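J.: Mind having a look at this structure? Questions to follow.
Numbering (my numbering), first residue to last: 1 to 378.
Written out as structure tokens, the structure reads:
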């Protein structure tokens with residue numbers, strides 16, 4: 001109760017008693033204890049009675065209570081009974097929306113707990129869905145990135161391989177005595193040239209007397225045949241070369257080994273009679289022999305490449321005619337040489353000449369060569 005400052009004289013027996021009885025169920029006052037508020041004042045001054053009954057003259061700080069219950073003056077800090085307190089952050093408000101009607105801070109504990117639990121579960125589900133969507137989006141982006149990297153790598157590899165196949169070897173091709181003693185000249189791409197002294201040519205060979213005129217118009221391809229196994233390394237091929245030479249001298253009464261050059265299975269070139277002397281087959285030809293029986297065996301890619309490198313070197317150094325003609329021995333005489341497997345390959349080469357085939361002219365007829373010219377025997 002507020003006592004006006006001017007009310008100083010009031011009889012000592014005059015008292016004012018205000019009593020408030022708490023009652024459950026009032027808004028905002030659930031579970032209040034009965035509170036009694038008593039205010040007494042003694043003054044020597046008599047206060048006008050209508051100050052409390054006439055609202056028009058009441059001061060703003062004076063409260064007139066009449067026939068009232070459940071009155072609380074001042075802040076309420078103590079409660080009895082179940083009280084539910086809710087807290088919702090921005091994400092939970094977004095997920096759950098507004099609270100259902102009828103749910104407020106005065107609701108029962110069971111319904112409040114249920115609502116809070118549902119809101120929490122809904123928030124968790126929403127957050128889980130958001131994380132799942134982010135994970136799916138990140139996984140998709142990563143997959144696209146990996147796919148782009150793989151496609152780029154495949155394109156680069158394809159371009160590099162295509163460019164490599166289209167390029168010719170840049171290694172220099174040389175053949176002669178310009179190399180240091182004790183080393184092998186190289187036709188390029190690893191095709192070694194093995195000289196006579198290096199494969200161990202016999203000193204019993206006789207002096208050759210038929211020079212080879214250059215540029216040479218024909219290339220004659222033969223093979224050793226007679227079930228000869230192709231040699232695969234320098235040691236074995238050197239032994240084979242010496243065996244061929246010994247057989248030519250001792251058994252066939254030839255002055256030297258038959259062909260100008262021999263090609264091993266590993267693609268190396270072995271010098272026979274070389275560039276200067278005619279071979280035993282025919283004049284006006286450069287004879288190149290595959291070391292093996294190529295009716296039974298397949299020529300290797302290195303072996304075929306070695307022959308092509310040798311011919312390219314010969315043209316570049318004016319030893320072969322620019323428009324030379326490439327023929328197989330079985331086109332010039334009755335023979336199985338150079339074997340069906342070698343013949344199948346050389347028949348695809350640009351300089352292959354199909355003489356004596358399908359009403360074509362005789363091999364060497366333009367040079368005045370006869371059938372006997374292909375059986376030189378020298």
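Ideal Cβ placement from N, Cα and C applies to all residues, glycine included.
Keep in mind the model is a prediction, meaning the values are calculated, not measured.
State the beta-bridge partners of residue 290 as determined by DSSP.
T.: If you number the chain shown from 1, residue 290 lands on position 290. Paired residue(s): 223, 263.
J.: Kindly indicate which residue of 158, 67, 156, 373 has the alpha-carbon position closest to the one of residue 283.
T.: Here residue 283 corresponds to residue number 283 of the chain shown, with the count starting at 1. Looking at the Cα atoms, 373 is the closest of the given residues.
J.: Quick one: what does DSSP say residue 275 is sitting in, helix, strand or coil?
T.: Here residue 275 is taken as the residue at index 275 of the chain shown, counted from 1. Reduced to three states, the DSSP call for residue 275 is coil.
J.: Give the straight-line distance between the Cα atoms of residue 359 and residue 317, rounded to the nearest whole angstrom.
T.: The residue you call residue 359 lines up with position 359 of the chain shown. The residue you call residue 317 lines up with position 317 of the chain shown. When rounded, the distance between both Cα atoms is 34 Å.
J.: Run through DSSP, which three-state label would residue 186 get?
T.: Numbered from 1 along the chain shown, position 186 holds the residue referred to as residue 186. Reduced to three states, the DSSP call for residue 186 is strand.
J.: Between which two residues does the beta strand (DSSP E) holding residue 246 run?
T.: Locating residue 246 in the chain shown gives position 246, where the first residue counts as 1. First-last for residue 246: 234-250, but that is the alpha helix (DSSP H), not the beta strand (DSSP E).
J.: Would you report the Cα separation of residue 153 and residue 350, rounded to the nearest angstrom?
T.: Position 153 of the chain shown, counting from 1, holds the residue named residue 153. Position 350 of the chain shown, counting from 1, holds the residue named residue 350. Those two C-alpha atoms are separated by around 37 Å.
J.: Considering only the beta carbon of each residue, do residue 221 and residue 326 sit closer than 8 Å?
T.: Taking the first residue of the chain shown as position 1, residue 221 is located at position 221. Taking the first residue of the chain shown as position 1, residue 326 is located at position 326. It is a contact, given that the beta carbons lie within the stated cut-off.
J.: Who are the near neighbours of residue 338 in its chain, counting only those whose CB is closer than 7 Å to its CB and skipping five residues on each side?
T.: Your numbering for residue 338 matches position 338 in the chain shown. The answer, listed in chain order, is 221, 222, 223, 290, 294, 328, 329.
J.: Whole angstroms is fine: what's the gap from residue 190's alpha carbon to residue 300's?
T.: By one-based count along the chain shown, residue 190 stands at place 190. By one-based count along the chain shown, residue 300 stands at place 300. Looking at the two C-alpha atoms, the distance is approximately 14 Å.
J.: Closest to residue 262 by C-alpha separation, out of 206, 306, 277, would be which residue?
T.: Reading the chain shown from its first residue, position 262 is the one you call residue 262. Out of 206, 306, 277, 306 has the C-alpha closest to the C-alpha of residue 262.
J.: Alpha carbon to alpha carbon, how far is residue 160 from residue 253? Give it in angstroms, no decimals.
T.: Residue 253 sits at position 253 when you count from the first residue of the chain shown. Residue 160 sits at position 160 when you count from the first residue of the chain shown. Using only the alpha carbons, I get a separation of about 55 Å.
J.: What is the DSSP secondary structure of residue 285, reduced to helix, strand or coil?
T.: Taking the chain shown and counting its residues from 1, one reaches residue 285 at position 285. In the structure shown, residue 285 sits in a strand (DSSP, three-state: E or B).
J.: Whose CA, out of 137, 265, 336, 348, lies closest to the CA of residue 298?
T.: Translated into positions along the chain shown, residue 298 becomes position 298. Among 137, 265, 336, 348, the Cα nearest to that of residue 298 is on 265.
J.: Between the beta-carbon of residue 259 and the beta-carbon of residue 273, is there less than 8 Å?
T.: Taking the first residue of the chain shown as position 1, residue 259 is located at position 259. Taking the first residue of the chain shown as position 1, residue 273 is located at position 273. Their beta carbons are under 8 Å apart, which means residue 259 touches residue 273 by this criterion.
J.: If you follow the alpha helix (DSSP H) that residue 360 is in, where does it begin and where does it stop?
T.: Taking the first residue of the chain shown as position 1, residue 360 is located at position 360. Taken as a continuous stretch (DSSP letters only), residue 360 belongs to no alpha helix (DSSP H), as it is neither H nor E.
J.: Does DSSP classify residue 336 as helix, strand or coil?
T.: Sequence index remark: in the chain shown, residue 336 carries index 336 (1-based). Looking at residue 336 - three-state DSSP - the assignment turns out to be coil, as it is neither helix nor strand.
J.: In three-state terms, what does DSSP make of residue 158?
T.: Along the chain shown, read from residue 1 onward, the residue named residue 158 stands at position 158. Correct three-state label for residue 158: helix.
J.: At what residues does the beta strand (DSSP E) containing residue 328 begin and finish?
T.: Locating residue 328 in the chain shown gives position 328, counting from the first residue. Looking at the DSSP string, the run of the beta strand (DSSP E) that includes residue 328 is 320-328.
J.: Roughly how many whole angstroms lie between the Cα atoms of residue 370 and residue 332?
T.: Here residue 370 is taken as the residue at index 370 of the chain shown, counted from 1. Here residue 332 is taken as the residue at index 332 of the chain shown, counted from 1. Taking the straight line from one Cα to the other gives about 10 Å.
J.: How many Å lie between residue 285 and residue 302 at the Cα?
T.: The sequence position of residue 285 within the chain shown is 285, counting from 1. The sequence position of residue 302 within the chain shown is 302, counting from 1. Cα to Cα, residue 285 sits roughly 23 Å from residue 302.
J.: With distances taken Cα to Cα, identify the nearest neighbour of residue 192 among 363, 157, 268.
T.: Along the chain shown, one-based indexing puts residue 192 at 192. Comparing Cα positions, the closest option is 268.
J.: Which residues in the same chain as residue 367 place their Cβ atom closer than 7 Å to its Cβ, once the five residues preceding and following it in sequence are excluded?
T.: Locating residue 367 in the chain shown gives position 367, counting from the first residue. Excluding sequence neighbours, residue 367 sits near 217, 284.
J.: Would you kindly report the start and end of the unbroken alpha helix (DSSP H) that includes residue 303?
T.: For the purposes of this step, residue 303 is taken as residue 303 along the chain shown, with counting starting at 1. Element bounds for residue 303: 301-316.
J.: Count the other C-beta atoms from every protein chain shown that fall within 10 angstroms of the C-beta of residue 322, then say buried if there are 16 or more, exposed otherwise.
T.: Indexing the chain shown from 1 puts residue 322 at position 322. Flag for residue 322 reads exposed.
J.: How is the alpha helix (DSSP H) around residue 196 delimited, first residue to last?
T.: As a working mapping, residue 196 is identified with position 196 in the chain shown. Element bounds for residue 196: 196-199.
J.: Measure the alpha-carbon distance for residue 356 versus residue 194 and round it to whole angstroms.
T.: Taking the first residue of the chain shown as position 1, residue 356 is located at position 356. Taking the first residue of the chain shown as position 1, residue 194 is located at position 194. If you take the alpha carbons of residue 356 and residue 194, they lie about 34 Å apart.
J.: Going by the CB atoms, is the gap between residue 277 and residue 208 shorter than 8 Å?
T.: Position 208 of the chain shown holds residue 208. Position 277 of the chain shown holds residue 277. Yes.
J.: Alpha carbon to alpha carbon, how far is residue 288 from residue 304? Give it in angstroms, no decimals.
T.: Taking the chain shown and counting its residues from 1, one reaches residue 304 at position 304. Taking the chain shown and counting its residues from 1, one reaches residue 288 at position 288. Roughly 11 Å separates the two Cα atoms.
J.: Rounded to whole angstroms, how far is the Cβ of residue 162 from the Cβ of residue 199, which I believe are closer than 8 Å?
T.: In the chain shown, the residue the question calls residue 162 occupies position 162. In the chain shown, the residue the question calls residue 199 occupies position 199. That belief does not hold up - the Cβ atoms of residue 162 and residue 199 are roughly 39 Å apart, past 8 Å.
J.: What do you reckon, are the CB atoms on residue 249 and residue 202 nearer than 8 Å?
T.: As a position in the chain shown, residue 249 is number 249, starting the count at 1. As a position in the chain shown, residue 202 is number 202, starting the count at 1. In contact: residue 249 and residue 202 (Cβ atoms closer than 8 Å).
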